[in-house]
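Here is the structure we will look at, set down as structure tokens.
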Amino acid sequence: MKFILTLVICNYTLCTEPFKWPYEFNSYYECATIGYEASHLRLKEMGAEYVNKNRTTILFTCKEIQQT
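So for the sequence shown, the numbering used here puts the first residue at 1; every next one is plus one.
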């Protein structure tokens, strides 16, 4: 079983196009933990002032992919 991570950054009601992580994960756990870590790091890079002013959120999903 493999999973792909997709992240979306939103300000108020405007969201970016989904960003697909450059590699696949071997478990849902791996995908989810990287999703949380990447979201946390990106918010820190943006800074508190920007995040508070723009009400920024980062959404992510881990989707199972079919292996051939």
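Backbone N, C-alpha and C define an ideal beta-carbon position, used for all residues, glycine too.
These numbers come from a predicted model, not from an experiment.
Inset, instruction - Quick one: measure Cβ to Cβ for Cys62 and Gly35, integer angstroms, because I've assumed they're closer than 8 Å. - result: 6 Å
Inset, instruction - Reducing DSSP to helix, strand and coil, say where Thr57 ends up. - result: strand
Inset, instruction - Classify Glu30 as helix, strand or coil using the three-state DSSP reduction. - result: helix
Legend entry - Same chain, Cβ closer than 8 Å to Glu64, five either side skipped, listed in chain order: Met1, Lys2, Phe3, Tyr28
Inset, instruction - Pull up the distance between the alpha-carbon of Tyr23 and that of Gln66, whole angstroms please. - result: 15 Å
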